[in-house]
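In our numbering, the protein residues as written are 15 to 64. Here a beta-carbon is modelled for each residue, glycine too, at the ideal position from N, C-alpha and C. Keep in mind the model is a prediction, meaning the values are calculated, not measured. One structure is given below, encoded as structure tokens.
Set out below in structure tokens:
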């Protein structure tokens, strides 16, 4: 019974954490916009020169 209560508590804590608002500081999109702002003057040419 104690193990079941502990499991239920852990699942509720994970569920509560998942429902909290995300600031988005450590997402792929935030890192991409940060790196684009730093190197905005640089262009990357991915086409092979002829």
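Give the straight-line distance between the Cα atoms of residue i and residue j, rounded to the nearest whole angstrom.
i          : j          : result
residue 20 : residue 27 : 11 Å
residue 33 : residue 22 : 17 Å
residue 43 : residue 18 : 39 Å
residue 35 : residue 16 : 31 Å
residue 74 : residue 37 : For the chain, the structure presents residues 15 to 64; residue 74 sits outside this window and is missing.
residue 24 : residue 40 : 24 Å
Would DSSP call residue i helix, strand or coil?
i          : result
residue 35 : coil
residue 43 : helix
residue 27 : helix
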